[in-house]
Every structure is written in C-alpha cells, then in structure tokens.
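Undergrad:
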Amino acid sequence: GNDTIYEYSSSTQYSRHLGDKLVLGPGIAVGDVIVTRNAADWEDVTISFQGAAGSILLNEQFGDNRYGVEEIVFADGTVWTPSQLAHVGYAQAMTAGDDYIFGVKGNDTINGAEGNDSLYGWEGIDSLTGGAGDDYLEGSWHADTYVYNLGDGNDTIYEYSSSTQYSRHLGDKLVLGPGIAVGDVIVTRNAADWEDVTISFQGAAGSILLNEQFGDNRYGVEEIVFADGTVWTSSQLAHVGYAQAMTAGDDYIFGIQENDTINGGEGNDSLYGWLGADSLTGGVGDDYLEGSWHADTYVYNLGDGNDTIFEYSSSTQYSRHLGDKLVLGADFAPRDVMFAKGEVDALDVTITFGDLPGSILLDNQLGDSRYGLETIELGDGTIWTKAEIAGMVSSSSDDTVTGTDGDNYLNGQAGQDLIIGNDGDDVLLGGLGDDTLIGGLGSDTLEGGDGADIFAYQDLLEAGDVIDGFDATGSDLIDLDALLDSLGIAGADRSARVDIQQAGSDQDAVVSLDSDGDLVFETVLTTVTSVTGDLDNSDLNLGTLV
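Dropping the structure here:
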C-alpha cells in the first residue's frame, strides 16, 4: 500500500534521535527505488518502486536531526544513509526536462542539466549548476557556490539566509566558467527593483539575474569568480555597473547599501544613491538625483542644466536624516543664488542663478525633518543652513524674506513682501507689490520693482547702499525714522540733518546725513538711480518733526 512514516523525537538528547531505520523487504532491489521530493514541502520524500504499486512517504525526513530515519536497509544488505537517499533523488531528478531538485541540510552538489530547472540547495555548503536552459537556483544558508557556463541560458540566482547569525550569510559566490572574461561582462540594474542586478555577456547569449543582490546583508553572493582567477566583490560588481551605465544618453544609475560616488555625465539622467553616504553629480542635462538615507552630497556645476534633488529618509532614527548637502561649483558666488517656492508644490524650493543658466528644484525641501538638505556649500566657503535656506525663499504671496550674514540675492517676487538683507553686500528685489526693503549692514543694492515700495534704514552702519529705481511722483518712500531715532535726532532737527542732491528731474540723487550736527553731511546713506520725478523731503519718512 501507500504508507506514511513520521519519525520524530522531542528529546533534547541527540542520542535519543538515532538508530531509526526503514527496512525494505525481499524483492525490492536498489535499482527499483524511485526517490521523489515534495515540491510543497522539501523536507518530505516519497519512495516508490519501478514496476510495482505502493509507496512510502517519509514525512519530515529531511527536517532537523530530530526527524527521520537514519537508515534505509535493503534485503541484500545494502544500507543507505539519509545523505545517500538524497543523492539518489538528485540523480533521478536530473533529466532533460524541467526539473525540481531539492537539497538537504547537508553539503549538496546539484546539476540541473538540460531543461528549465529549479534547484534548491537549502542548508549546507551547496554547489548548484543550472546547466542548459533557463534555471532558478536558490542556495539558502551557508557558503554556497553557483556555477554558470557559456550556453547555460538565462538563469536566476536567489541567495538569502534568514539566519540572525551574520556568519551564515557569508562565502556565497558565483563562479563563471571558461570563456567568460572580465571585459565580456555587462552589469545592468533593474529600474523596477534596485536590489536586482543582471549579468549578461558581450557577443554571447545568456544572462544571470542576481535577485535581491543589493538587498541587506542577508541577500546576495559575496564574490564573482572568473576562470582567470579574478574575483569581484559585491561592491566591485556595483561599480562596474556604474561605469557602464554612465553614457552620453539618458541613464538610470542605482547605488547600493554603501557609500557610492555616481556621476551621470551627459544626458537627462536619474541617479539613485540609496543607503550610504553617497555623492551624486548629475552632470550636463536635466537630471534627477535621489540620495535617501545617510549624509549625501549633491554636486552642481555651471552648465549642469535643470536638475531635481529629492532627499528623503524613511528612517525613524533622526540622525539618518542629517548631513545632506548641495555643493555648488566654483563659478557660483553667493549673490548669484536665488530661492523661490515651487510653482506646483509650496514645499518645493527652486534655485536659480540670476543671469547664469540652469536651475535646481529641491523637492519637498520645506517638508518635515525627513526631507531636504541640511546645508548648501559654495566655493568661497559660504555655508547656508536649512533654516537660512528657508528664510531666503520667496513666493508670489506676501513673504518675509531674510538673508544671512553673507552676500545674498533676495527676490520677493509678487506680493507685499518684507525683505531683510542682514549683513553682507546683498541684492534685494521687491518685484510686484508694495514691498519693504531693509538692506542691513553692507553695501546693498535695493530695487523695489512695481508698486509703492519702502526702503528702510535703521542704523548708521547700513549706509552706503544703492536704490535702483525710485518713483518720486508719490509711490515710493525712503524710511529714515528708525535711523534718526537710533541717533537721538528729534523734532524739526530731523529735516535739517538730511540732505538730498539731485541734478534735475529724472536724474540720479544722493541722500546724505549730518549725523553729529556739525552742518556737514558726511554720511552718504544711499545713491538713488533711475529716479522718476524730483526726489525731495516728501519722499522721505522722517518721523515726527515737532
């Protein structure tokens, strides 16, 4: 009949698991036995017989050492161990068709031969060769060897260990047979799954898909071994892939869970650093750059086109979001750089460069702490923090735009904006709307643009600016109230202490101050250019004159 045997001992004493055997009666020869593994449960094995009915299911035979019989005993005295039983099963399963072959919890050597085979090494130090056909090879725990020769078809290798012991993940290797040289190998990452990598060959058919190769340390082979003795690590495999993917066209280049340096070169490229402290340079063209976890560096040089940077970490560890930076090349000065909110998403920030070409979209830069860059660095040593970047961002609404203590280019765009330059030689543009511009310390250039604009001075150290474009016919105003307060100048004396010199209507003008009351206007507060009309005291806010 069709019997089932379940041999199991729950004892923790190993000796109590030993000595179990299956005895096959007279008339059953070694050559009559057919050994079949169960595709639904690798640990089961069925013994059947050539030319005779009946079978024996050895339930959990290839489980751990608590399960299964230790011997198969034939009437002629032949004895098979569980390992021999498994190897008979391998040999019988290796056909010219599509085979499923399962290893045991030992060191297996399995060759699928012809056909589209599925080979499972399971536990142990296994050697798996798919042979001709499109094969699936899975080694599992311990140091497995996968062998691929020219003509072996399109194979898939899945190397994974669920063990929490890191040493059980190490030592796995792919061995490439004779005729496959280093220069023949083409390495391609999968755009749909960054963790996969496909190896193909110049001038030869066939390929190897290394499934989840660049997943965490439980996945993938550790070495690629060539017939000439060359050995690539997993990291070297990735770098070969980078180099081959960097073309003059539109490239997709994926990093791994290490510190990657990737340059897209020409073309509209998509670069993904993934885990690790990565350095991403888009190069010429309109590129997409995404770094993900850890401290990533994005490099942008003059002529690099219109790039998009998306920096995001899904990690709940806050430290993994920190240290991301954009490095602007030596051709950019701080006063070249202007920040504006995105036109589609107000959490985006767009960087432009005045009269210089190119732009950078910082995707979700103003989002929560998981998003965006922490700093922007320029060639002159200027470093802007995340908070400073946010302060310099403007929009078409009413904004407060605040510069740093260096040189800034601040544009209010539309809306009624308050623009504060702080220290440094800044350029402040009001744009559309009724704006208030405060240059702060340094020699600033203030341009109100359309609308009724106010140019405010609060301290004598803010003197020396240029107001470019002033409507003296009634709309614009130079506000000196706070400045005069700071100097203790009050009442009617305020009007006497300010001097305006203008050659004529629509001419440039100079506004000066007698700061100490000696009737000498020694301080040039501002030079006003592109004046419309006659600039006089009615264009000044001097505060209370009584």
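Position one of the sequence shown corresponds to residue 1 (UniProt numbering), numbered consecutively onward. Yeah, the Cβ is synthetic: ideal placement off N, Cα and C, and Gly gets one too. As the structure is a prediction and not an experimental result, all values here were calculated from the model.
Using a Cβ-Cβ cut-off of 8 Å, state whether G19 counts as contacting chain C.
TA: As a matter of chain content, chain C is missing from the structure shown, which is built from one protein chain.
Undergrad: Quick check on the DSSP output: what are the complete beta strand (DSSP E) runs of length 3 or more inside the segment 350-417, in order along the chain?
TA: As far as the segment 350-417 is concerned, its whole beta strand (DSSP E) runs of at least 3 residues are 356-363, 375-377, 383-385, 400-402, 409-411.
Undergrad: Could you spell out the range, first to last residue, of the alpha helix (DSSP H) harbouring G241?
TA: In the sequence shown, residue 241 corresponds to position 241, counting from 1. Where G241 is concerned, the enclosing alpha helix (DSSP H) stretches over 234-245.
Undergrad: Give the range of the alpha helix (DSSP H) segment to which A93 is assigned.
TA: The residue labelled residue 93 in the question sits at position 93 within the sequence shown. Element bounds for A93: 82-93.
Undergrad: Identify which residue in G89, A91, E7, I101 has its Cα closest to the Cα of Q61.
TA: Here residue 61 is taken as the residue at index 61 of the sequence shown, counted from 1. Cα-wise, what sits closest to Q61 is E7.
Undergrad: Excluding five sequence neighbours on each side, which residues of the same chain lie with their C-beta closer than 6 Å to the C-beta of E138?
TA: Against the sequence shown, residue 138 aligns to sequence position 138. Excluding sequence neighbours, E138 sits near Y120, Y158.
Undergrad: Can you tell which of G464, D506, L487, G488 has the C-alpha that lies nearest to the C-alpha of F470?
TA: Counting from one through the sequence shown, the residue named residue 470 turns up at place 470. Among G464, D506, L487, G488, the Cα nearest to that of F470 belongs to D506.
Undergrad: Considering only heavy atoms of the ligand NAP, does any lie closer than 7 Å to the CB of G25?
TA: Ligands displayed in this structure: none; no statement on the ligand NAP is therefore possible.
Undergrad: With C-beta atoms as the reference, is residue 550 less than 8 Å away from G305?
TA: Absent from the model: residue 550. The displayed extent of the chain is 1 to 546, so no value can be given.
Undergrad: If you follow the alpha helix (DSSP H) that A496 is in, where does it begin and where does it stop?
TA: The residue you call residue 496 lines up with position 496 of the sequence shown. Here the alpha helix (DSSP H) through A496 covers 493-496.
Undergrad: Please report how far the alpha carbon of Q365 lies from the alpha carbon of Y312, in whole angstroms.
TA: Within the sequence shown, the letter at position 365 stands for residue 365. Within the sequence shown, the letter at position 312 stands for residue 312. Going from the Cα of Q365 to the Cα of Y312 covers about 9 Å.
Undergrad: Would G19 be called buried (16 or more neighbouring beta carbons within 10 Å of its own) or exposed?
TA: Residue mapping note: residue 19 aligns to position 19 of the sequence shown, counting from 1. It is exposed - the Cβ of G19 has fewer than 16 other Cβ atoms within 10 Å.
Undergrad: Near L487, what residues of its chain come up, given a Cβ to Cβ distance below 7 Å and the 5 sequence neighbours on each side ignored?
TA: Indexing the sequence shown from 1 puts residue 487 at position 487. Counting only Cβ-Cβ distances below 7 Å, and skipping sequence neighbours, we find L460, S515.
Undergrad: Mapping DSSP to helix, strand and coil, what is V104?
TA: Residue numbering aside, residue 104 sits at position 104 when the sequence shown is read from its first letter. Looking at V104 - three-state DSSP - the assignment turns out to be coil, as it is neither helix nor strand.
Undergrad: Please report the distance separating the alpha-carbon of S140 from that of G215.
TA: The residue you call residue 140 lines up with position 140 of the sequence shown. The residue you call residue 215 lines up with position 215 of the sequence shown. Rounded to the nearest angstrom, the two C-alpha atoms are 15 Å apart.
Undergrad: How many angstroms separate the CA atom of D434 from the CA atom of G255?
TA: Reading the sequence shown from its first residue, position 434 is the one you call residue 434. Reading the sequence shown from its first residue, position 255 is the one you call residue 255. C-alpha separation (whole angstroms): 49 Å.
Undergrad: Taking 8 Å as the threshold (C-beta atoms), are D426 and D407 in contact?
TA: In the sequence shown, counting from the first residue as 1, residue 407 sits at position 407. In the sequence shown, counting from the first residue as 1, residue 426 sits at position 426. The answer is yes: Cβ separation under 8 Å.
Undergrad: Going along the chain, which residues of its own chain have a beta-carbon closer than 6 Å to the beta-carbon of L210, five neighbours each way excluded?
TA: Numbered from 1 along the sequence shown, position 210 holds the residue referred to as residue 210. Around L210: I157, V197.
Undergrad: Which residues does DSSP list as the beta-bridge partners of N116?
TA: On the sequence shown, position 116 is the one that residue 116 refers to. Per DSSP, none; premise fails for N116.
Undergrad: Give a yes or no on whether the C-beta atoms belonging to G325 and S394 are separated by under 8 Å.
TA: Numbered from its first residue, the sequence shown carries residue 325 at position 325. Numbered from its first residue, the sequence shown carries residue 394 at position 394. Looking at the sequence itself, residue 325 is Lys, so the reference to Gly does not match. No.
Undergrad: Taking G451 and L432 to be in contact with their CB atoms under 8 Å, please state how far apart those CB atoms are, rounded to whole angstroms.
TA: Position 451 of the sequence shown, counted from the start, is the residue given in the question as residue 451. Position 432 of the sequence shown, counted from the start, is the residue given in the question as residue 432. Correct: roughly 6 Å between the Cβ atoms.
Undergrad: Do I467 and I438 have their beta-carbon atoms positioned less than 8 Å apart in this structure?
TA: Translated into positions along the sequence shown, residue 438 becomes position 438. Translated into positions along the sequence shown, residue 467 becomes position 467. No, Cβ-Cβ distance for I438 and I467 is not below 8 Å.
Undergrad: Look at the alpha carbon of I389 and the alpha carbon of L441, and state the distance between them as a whole number of angstroms.
TA: Reading the sequence shown from its first residue, position 389 is the one you call residue 389. Reading the sequence shown from its first residue, position 441 is the one you call residue 441. Using only the alpha carbons, I get a separation of about 19 Å.
Undergrad: Which runs of the beta strand (DSSP E), 3 residues or longer, sit entirely within the segment 250-337?
TA: With a minimum length of 3 residues, the continuous beta strand (DSSP E) runs that stay inside the segment 250-337 are 252-254, 261-263, 270-272, 279-281, 288-290, 297-300, 306-310, 325-328.
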